[in-house]
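Chains as they are written, first to last, in the working numbering: chain X, 1 to 331; chain Y, 1001 to 1368. A virtual CB, placed ideally from N, CA and C, is assigned to each residue, including glycine.
Take a look at the structure:
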């Protein structure tokens, strides 16, 4: 077990170095530098003079070739320092810390909603397998699964922010906080305000995975109900629900548990498109902005975090798999 | 090579039983109504893309001008196909009035809808018809079936001409991804050992980089974005799933008896991989390619939607949605392209699922 873990970790470190190296090279190869893009775009008259640019380049290590700068970055990360954002003049770690809360609020509620709804839906589909209503529900889920998130987001915005404007159903178009809400507002007012802002993005973020998980559960259940032990359970007189939930569903938990591990990066990484549409101040949006601003330290910090999470998620999934299924051994 | 094919001795008693794998799969695919409908929709899109200039445009499909027959509509496919004479006679893209004025003898067959995907139609450009409404006035109407955008450009014409992009994105990028994926997967699976080790690491690295991250970085990396570069980028990033499946199939098949027989007959590795294993591994690999087409269309439209698409003259459904973001009260800018993207993605997913059910023997047995 320990030797397996060590081997996996060593491989993960190699992968991590390769990923960050590629992204660093790509980031540096993008046209423009953080100095020219950030300042030149906002205000052309405030363009820096060449001497200043040289001085700042030196300060940020941009005068070195990318591979040298990359090793400097690796050394800093190994010492626990993600560097300072060039365009925002703040430590990258603090930037990530600021953005991780909103992303977690969004994706956490989306994940919760997905699980709470998809398990009953999947079980319902399995119980009614083949019936007309099940086929309708399954097809509906399939349609939902193919519905592009950004189209859904625009539809929802039109309905709730334009057509239902000035009604009780109106929902905010974007952002995380309303105008009248300040730090002094009561806890209740702040929470309801944020919840109202979060409704549309949460719906957009959860419906695809909801459809996917329900179909996944249904497909797995179809496999399970053909097993001999299900027939045995029926034969000994267990009720249909008991057979379905107690005997059947418990055995579909195994693949479901590994999915939980694989959803780890999405949980903290956020969704670029949804956060961009609803201008939600989360990780995905930070990444999008940092690419636009050519803010290398932030791009790298986020890439590093995403990759660590993805690799950790895979490892956790494998470990969980071995843990819930005694037939599987990690060795 | 006939020596490595099993002769159909015992089974050929009735010819209908000796059907090949693919005709059998096609028969099963035809049995799925939804997948067939989806395939029909894809074919419909192919037709729309092919005949786009004849469906919506401001240039005649065919016209006779000063004694010669011309096809000015072809210039929608490529600028250089515009007959030189019209430039010389200073038509400036306005055909109806100029044709009648400069050659009273001329005749022309016009596209079904007289609207241009690149510009607004001017007042009286088509005799007796007013100009397109601009800004938020362009509700869908008889003249503008899907409305007009904020500059007065007809949305229907834009969508008809954008079909080409939507289709090409899927085919080109997945053609590229399929080629890379099968090559990497086949090499890894067939040779095994350190080759497999290296290839698997490469697959893992590309898989671990979040797709959008990689794509956004690559999009920023190319200097002048064009639709072909976008396709190449989607293809270059989307091959990992295909490679994994191809690797598994080649790994499974390389130790099978027919491969051993081929090797004994003296076939080289390339020949074994291409002629013997690939045809047997193709069906499972085609399924992720079909799903990949759906996701390629999604990625392209979300890139255009985020403003990273090809620059203005080229039309894509996603860029229409991008226009809609700042004009949400113009619902027709969202509904029509949105539904088009959705239906296309749904169709490819349904085709992919039909393909999966038709070619995967395990699923077939499970149905019984």
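May I have the straight-line CA-CA distance separating residue 1218 of chain Y from residue 123 of chain X, to the nearest angstrom?
-> Each residue's Cα considered, the two are about 42 Å apart.
Range covered by the alpha helix (DSSP H) that runs through residue 1065 of chain Y = Segment 1062–1065 is the beta strand (DSSP E) holding residue 1065 of chain Y; no alpha helix (DSSP H) there.
Terminal residues of the alpha helix (DSSP H) in which residue 1070 of chain Y lies = Per DSSP, residue 1070 of chain Y belongs to no alpha helix (DSSP H); it is in the beta strand (DSSP E), 1068–1070.
Check the Cβ of residue 148 of chain X against every Cβ in chain Y and list those closer than 8 Å, keeping chain order.
-> Here the neighbours are 1298, 1301, 1302, 1338, 1341, 1342 and 1345.
Give the single residue among Y/1282, Y/1283 and Y/1258 whose Cα lies nearest to the Cα of residue 1272 of chain Y.
-> Taking only the C-alpha atoms, the option nearest residue 1272 of chain Y is Y/1258.
So, helix, strand or coil for residue 106 of chain X, using DSSP?
-> DSSP, reduced to helix, strand and coil, places residue 106 of chain X within a helical segment of the structure shown.
Interface residues of chain X around residue 1289 of chain Y at Cβ under 9 Å?
-> Per Cβ cutoff of 9 Å: no residues; residue 1289 of chain Y is ~17 Å from chain X at best.
Going by DSSP, name the residue or residues bridged to residue 91 of chain X.
-> As a beta-bridge residue in DSSP terms, residue 91 of chain X pairs with X/84.
When the Cβ atoms of the region 1346–1361 of chain Y are set against those of the region 1035–1042 of chain Y, are three or more pairs found closer than 8 Å?
-> Touching, yes, given that three or more Cβ pairs across the two stretches are closer than 8 Å.
Residue 1250 of chain Y to residue 1052 of chain Y span [Cα, whole Å] = Rounded to whole angstroms, residue 1250 of chain Y to residue 1052 of chain Y spans 42 Å at the Cα level.
With burial defined as no fewer than 16 other Cβ atoms inside 10 Å of the residue's Cβ, what is the status of residue 1308 of chain Y: buried or exposed?
-> Counting Cβ neighbours within 10 Å, residue 1308 of chain Y comes out buried, since at least 16 surround it.
Helix, strand or coil at residue 1148 of chain Y [DSSP, three-state] | For residue 1148 of chain Y, the three-state secondary structure derived from DSSP is strand.
What is the DSSP secondary structure of residue 119 of chain X, reduced to helix, strand or coil?
-> Three-state DSSP puts residue 119 of chain X in a helix.
Check each residue of the region 1201–1217 of chain Y: if its Cβ is closer than 9 Å to any Cβ of chain X, include it; give the result in chain order.
-> Hits within the stretch, in order: 1201, 1202, 1204, 1205, 1206, 1207, 1208, 1209, 1210, 1212, 1213, 1214, 1216 and 1217.
Exposure of residue 1115 of chain Y, with buried meaning 16 or more beta-carbon neighbours within 10 Å = Label assigned to residue 1115 of chain Y: buried.
Take residue 1214 of chain Y and list the residues in its own chain whose beta-carbon comes closer than 8 Å to its own, dropping the five residues that flank it on each side.
-> Same-chain partners within the cutoff: 1206 and 1237.
Starting from the C-beta of residue 1146 of chain Y, find all residues in its chain whose C-beta is less than 7 Å away, skip the five residues before and the five after it, and write them out in chain order.
-> Once the five neighbours on either side are set aside, the close Cβ partners of residue 1146 of chain Y are 1140, 1155, 1156, 1159, 1332 and 1336.
Taking a cut of 7 Å between CB atoms, which residues from the region 296–315 of chain X lie near chain Y?
-> Listed by position along the chain: 303, 306, 307, 310 and 311.
Anticipated Cβ contact below 8 Å, residue 292 of chain X with residue 33 of chain X, distance rounded = The Cβ separation is near 13 Å, so there is no contact.
Provide the residue(s) that pair with residue 195 of chain X in DSSP beta bridges, ordered along the chain.
-> For residue 195 of chain X, which the question treats as bridged, DSSP gives no partner whatsoever.
Return the CA-CA distance between residue 28 of chain X and residue 296 of chain X, expressed in angstroms with no decimal places.
-> About 7 Å.
Leaving out five residues on either side along the sequence, give the residues of the same chain with a beta carbon under 8 Å from the beta carbon of residue 1199 of chain Y.
-> Hits under 8 Å: 1184, 1185, 1187, 1188, 1243 and 1247.
By how many angstroms is the C-alpha of residue 204 of chain X removed from the C-alpha of residue 149 of chain X?
-> Taking the straight line from one Cα to the other gives about 6 Å.
In three-state DSSP terms, what is residue 1360 of chain Y?
-> If DSSP states are grouped into helix, strand and coil, residue 1360 of chain Y belongs with coil.
Can you name the residues of chain Y whose CB is closer than 7 Å to the CB of residue 27 of chain X?
-> Per Cβ cutoff of 7 Å: 1217.
Which of helix, strand or coil DSSP assigns to residue 1331 of chain Y = In the three-state reduction of the DSSP assignment, residue 1331 of chain Y falls in the coil class, being assigned neither a helical nor a strand state.
What in chain X is Cβ-close to residue 1334 of chain Y, meaning under 8 Å?
-> Simply 151, 154, 155 and 158.
Which residue comes first and which comes last in the beta strand (DSSP E) that contains residue 1108 of chain Y?
-> 1107–1109 is the extent of the beta strand (DSSP E) around residue 1108 of chain Y.
To which residues of the same chain is residue 8 of chain X closer than 7 Å at the C-beta, ignoring the five residues directly before and after it?
-> Taken in chain order, the residues that qualify are 315.
From the DSSP output, in three-state form, read off residue 325 of chain X for me.
-> Coil.
Between the CA atoms of residue 1099 of chain Y and residue 1085 of chain Y - distance to the nearest angstrom | Straight-line Cα distance between these residues: approximately 12 Å.
Residues in the region 257–283 of chain X with C-beta within 8 Å of chain Y's C-beta atoms, listed in sequence order?
-> If the cut-off is 8 Å between Cβ atoms, the region 257–283 of chain X has 265, 269, 272, 273, 276 and 277 near chain Y.
Name the two residues that bound the continuous alpha helix (DSSP H) containing residue 1178 of chain Y.
-> Residue range 1155–1191 is occupied by the alpha helix (DSSP H) that includes residue 1178 of chain Y.
Under 8 Å between C-beta atoms of residue 290 of chain X and residue 302 of chain X | Yes.
Count the other CB atoms within 10 Å of the CB of residue 187 of chain X; is the residue buried (16 or more) or exposed (fewer)?
-> Residue 187 of chain X is exposed by the Cβ-count criterion.
Check distances from the C-beta atoms of the region 1303–1332 of chain Y to those of chain X and list, in chain order, the residues that come in under 9 Å.
-> Residues 1305, 1306, 1318, 1321, 1324, 1325, 1328, 1329 and 1331.
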